[in-house]
Every structure is written in C-alpha cells, then in structure tokens.
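Counted the way the numbering used here counts, the sequence shown spans residues 79 to 511. From the three backbone atoms N, C-alpha and C, an ideal C-beta is built for every residue, glycine too. Bear in mind that the values here come from a model prediction, so they are computed numbers and not experimental data. The structure under discussion appears below in the form of structure tokens.
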Amino acid sequence: MTVLSVKENLTSQENQKHQFPVNYAYDYLNGGIGYLSLPPLTLNKLLQNKEFLQMAGQRDHSGKYTQRSDNAIDIFPLTAGLPWATGILSCRQNKHWNVSIETTRIFLQHLAADKSTQDLYKSGHSVAEISQKELDSTLEEGWVKFPTYLFPEGDKERTKLLAAVNVFIFVFDDFWEMHDITSVSELDKACILIPKYKLTNSVSKFTKVQDEFIARMQPRLNNITSPKTKLQVLIDQAIEEIYGVDRASGNTAGQEMLELMVRFFSRPPPPTQYKDMEDFLLYRHEDAAVPYVLGCTKFSLNSSVDLDSPRLARYLRLVKDHVSVANDLGSWEKEKKAFDTGKVLYMINAVDVVKDLFKLPSYSAAVAMTQAFQLQIEVEINAEIERLIDQDDLNNEEWRFIDATLHVMSGNVFVSTVMSRYGGEKFKLSGTQ
Ligand code: FPP
Ligand code: MG
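Laid out in structure tokens, this is it:
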C-alpha cells in the first residue's frame, strides 16, 4: 500500500480531485483478530441503495429520490486496501476539508497568541503551548480530520463552524485531561466537581477557563462581557454565526450543538472504578462527547430531528456505544502509553474495563474481546434498523438522521485509521511527500 495506491482506489476517478490526502494507515488490530470476521450487515445494502433517504422522501432537484448532499463524496476504504475494523462499509468525506484546516489554523493561532491562554496552565502546559504544539505538528494529519468524515454532509459555512467548535473541544479537552484532581486546590476541585458552581474572587484556573471561554460559548443570556481580546472576538463571531444559520434556517440545531458542547465541558470527573460495562459506557458516552457528536451531525444536516425521540432511543444508544468503543480500540495503544508514562492521569478505555471485568491475562486478549464487543453492537444496530423498517413509524428527519449517523460510525473508524494521532510515524505510507 502506498499513498498513490490509496489515492487511486479510495474514490471514483472523478472524485479524486476532492480527496483529503491519506498519508497514514494504522492497522490498530495488528492484522485483525484471528477468530473474528466482519459481520455481514443488511444495512450495507440499504446504505448503498440509499434506502434510508428514500424512506425519508428525499429527492434531488430533478425530483429523483435518494440523493445525499453534494458536499461529500463516497470513499471506499476496503477497496483502497486500508485496514478496516467495522462491518459498516459505507463511508463519506466532506469536500470542504480545506476550510476545516484553515479555520482550525486560525483558531489555534489566536489561542497560541492570546495572553489569557498563557497563564492557563497545568503540569507545565498552557493552553497557548498546547495550541502552539498543534500548530507545529502536521495539523492536517491530526484531529482536524474528525469533522470531515464524521459530518460529511455539511455545506461550506456549517463545515467552517463545525471546525471551530471542534477546536474548542480538542484544546480544552486535552487541557482538562492533564489535571490531577487530587492535587489541585479545594477551589479548583469545587469547580471540577460542580462546574456550574461560580466562585467570586476566585483565582481558580478552572473558573478562568469557564469565564473567559466557556461562558462565551454558552447560549446567549445577555450577560456576556464585551470581548477583551482578539480571541474572544473570534469566539463571539463563531457563536454568532452559529445562531445566524439557525435563524436563517428556522432551526435550532446550532443552539443544541452549543448546549451539548457545554454539557461536555460540564461533565463530572471519572469514577475510580466501574461496576460493569454498562456503568462504564454511560460515563464514556459523556467523556467521549457523543451527545455533542450527535448535535454536530444534526447541525451538519440542518436537520430538525428530535435527538430525544423515543422512537430513536434504542438505535442512538447503540450509536453512542459504537462511537465510544471504536474510539477506545483505535486510540488504545496511544492512551495506554500516555497513562503508563504519567502523561494522563486517568485511563478511560473499554479495553482496560474488559480486561478488568473478565480478568483477562493480557491486554491483547482484551483488545480482541473489545473488538468482538464492537461487532456485537453492530449486529444489534442492524437488528434495530430492521425492526424500525418493519415498524415503519419514523418520520423523514429520523430516517435522514439514521443515514447520517451510520456514516458517523464508519467515519469514526476511518479517522482512527488514517490519522497519525493514534498510530504515529510507524504507519506512514510510503510515497508521502
Ligand atoms: C475522542 O476520544 C474522540 C472520539 C470519541 C470520537 C468522536 C468524538 C469527537 C469528534 C468529538 C469529541 C472529541 C473529544 C476529544 C472527546 P478521546 O477523548 O478518547 O480522545 P482520543 O482518543 O483522540 O485521544
Ligand atoms: Mg480515545
């Protein structure tokens, strides 16, 4: 496999010009699990035939059924020879990936230069340093890829705004993960445990993050201070634009996405132990920002779907499990190393939980069993979709959301495979410039 062979086989010839170059191929299951094969899922045929869109009554301008948006292209990871660790085979890539990279770069530059981020630090790393480090790395091979493949249907403007909120999520998430909640001051602890708890006169760094940044991202309550820095102006503009597209479309997807982002920042710290897999998954959904991911999906589609629709509850629960577990497998080796070397203070990963709950002898056994668990989730997703088709009770927006969320799951696996973030330089394809 080379950069060229992937390029030639990842899309149709005519879509090659839209490709986000793939320069890494991380085989995180090391050749696959000997006793597992990908389950044949009937949902693949349905995706290929765009049947969910038909059920949604989706037509293109010529009145023909079944068009997805023109903002994305189909990609074929298996045909390209990439390692592929899911039975969901349909995958999409947003065409405006350059907009994502540029927006990410601008936000990181402001985060790196802003004075207020320079004294927000812990364990020797400030937000400014974290941002500068990202700028010094090859940005386009890292987390900037997430929105391109998870939310492929977004138009240019929505894609830009998705890239902006993605920066907040990754920069502030990385920052928070480094905190040792046992060694910070009581003030800080109160802010971590009860994030909404406001302390006046506090010099707490967490309060500062909350006041300077998170408060600006919250749905406008008319109590926002006027921006003091260029960074704050930039944040305010992005938030205003998100409200702007909501107003223009008569939709609330942008506001919901922001609310779900704030919910992610307000999540509680991890428990020291998980009593069972269910207990872990419910925590991990929040920790992996999966409700926010679903909010982004809705925003990318300009959808009015009810994220709490009881008709979708079982399906979306399984989607959340899938996104969490698939990420845990892709990022397992990176996270294990970071934990073992003391770079992060918490291990929040299904592989670790599986090893512990089953008392398995090795981590490699736990990786295999976790992959089996992921495939089990996929089989359940397939069964739930068949049940929903049988019942024929979903509205158009719900069917459209099913189509999009199946691509969130395959996109998540794709990103884990082609980023340099998880596998590192060892998995760089030959022929990379
Ligand atoms: C991060 O997990 C990534 C995912 C769970 C995939 C989908 C989520 C997003 C694109 C948005 C949320 C991102 C974060 C950072 C929660 P992780 O926290 O295990 O980070 P890592 O695996 O990339 O290190
Ligand atoms: Mg992870």
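Just verifying my parser: in three-state terms, what is the DSSP assignment at residue i?
i: SER263; result: Below a pLDDT of 50, predicted positions are generally treated as unreliable, and SER263, at 47, falls in that range; the measurement from the model is reported next regardless. Coil, per DSSP.
i: SER204; result: strand
i: ARG345; result: coil
i: ARG294; result: helix
i: GLU503; result: helix
i: THR89; result: coil
i: TYR102; result: strand
i: GLN97; result: coil
i: SER387; result: coil
i: PHE492; result: helix
i: ASP152; result: strand
i: ARG170; result: strand
i: SER178; result: helix
i: THR164; result: coil
i: THR195; result: helix
i: VAL281; result: Here VAL281 scores only 41 on pLDDT, less than 50, and its place in the model should not be relied on; the value that follows carries that caveat. VAL281: coil per DSSP, three-state reduction.
i: SER381; result: coil
i: TYR80; result: According to the sequence as given, residue 80 is Thr; it is not Tyr. Reduced to three states, the DSSP call for THR80 is strand.
i: SER304; result: coil
i: SER327; result: helix
i: SER409; result: coil
i: ALA268; result: Legend: pLDDT at ALA268 = 46, less than 50; position of this residue unreliable, no value from coordinates given.
i: SER498; result: helix
i: SER508; result: strand
i: TYR424; result: coil
i: TYR393; result: helix
i: VAL368; result: helix
i: GLY159; result: coil
For residue i, which of the options has the nearest alpha-carbon?
i: LEU312; options: LYS238, ILE459 and PRO346; result: LYS238
i: ALA241; options: ARG362, SER378 and ASP148; result: SER378
i: VAL403; options: GLN452, GLY420, LEU435 and LEU360; result: GLN452
i: ASN149; options: LEU484, GLN97 and PHE492; result: GLN97
i: THR89; options: ARG146, ASP152 and THR181; result: ASP152
i: LEU338; options: PRO369, GLU318 and TYR361; result: PRO369
i: ALA428; options: GLU319, PHE358, ALA366 and ASP481; result: PHE358
i: LEU116; options: ILE455, GLN469, HIS485 and LEU186; result: ILE455
i: SER382; options: GLU129, SER178, ASN460 and ASN473; result: ASN473
i: CYS374; options: LEU336, GLN210 and GLN171; result: LEU336
i: THR120; options: SER498, VAL457 and GLN469; result: VAL457
i: PHE185; options: GLN210, GLY165, TYR441 and GLY109; result: GLN210
i: GLU503; options: GLN132, ASP105, ASN93 and ASN87; result: ASP105
i: LEU484; options: GLN333, LYS433, VAL371 and ASP192; result: VAL371
i: LEU52; options: ASN176, LEU125, GLU92 and PRO161; result: As shown, the chain starts at 79 and ends at 511. That puts residue 52 outside it, with no answer to give.
i: LEU125; options: GLN145, GLY109 and LEU114; result: GLN145
i: ASP470; options: ALA450, LEU114, LEU390 and LEU423; result: LEU390
i: GLU334; options: ASP384, THR307 and GLU356; result: ASP384
i: MET79; options: LEU114, THR448 and LEU156; result: LEU156
i: ALA163; options: LEU114, VAL177 and GLU207; result: LEU114
i: LEU466; options: GLU356, PRO388 and PHE436; result: PRO388
i: VAL287; options: GLU318, ASP251 and GLU319; result: ASP251
i: SER178; options: VAL323, ASN244 and ASP434; result: ASN244
i: GLU411; options: ASP386, TYR441 and GLY165; result: TYR441
Residue j and residue i - do their beta-carbons sit closer together than 7 Å?
i: SER327; j: ASN405; result: no
i: ARG478; j: ALA134; result: yes
i: ASN101; j: LEU507; result: yes
i: LEU213; j: GLY509; result: no
i: VAL222; j: THR182; result: yes
i: ALA446; j: ILE111; result: yes
i: SER147; j: GLU219; result: no
i: GLU462; j: ARG392; result: yes
i: VAL205; j: ALA158; result: no
i: ALA367; j: PHE343; result: no
i: ALA316; j: LYS376; result: no
i: SER409; j: TYR321; result: no
i: ASN122; j: LEU167; result: yes
i: LEU309; j: HIS188; result: yes
i: ASP365; j: ILE459; result: no
i: CYS169; j: SER488; result: yes
i: ASP481; j: LEU131; result: yes
i: LYS234; j: HIS174; result: yes
i: THR448; j: VAL422; result: no
i: VAL249; j: GLN296; result: no
i: ASP513; j: THR307; result: Any question about residue 513 goes unanswered here, given that the chain covers just 79 to 511.
i: ALA103; j: PHE436; result: no
*At a cut of 8 Å, does the segment 340-358 reach the segment 302-321 through at least three beta carbon pairs?*
no
*Stretch-stretch touch, CB-based, cutoff 8 Å, three pairs: the segment 385-399 with the segment 412-421*: no
_the segment 488-498 contacting the segment 225-232, beta-carbon criterion three pairs below 8 Å_ = yes
*What does the shell around ligand 2 hold, if a residue joins when its beta-carbon is under 6 Å from any heavy atom?*
ASN405, ASP406, SER409 and GLU413
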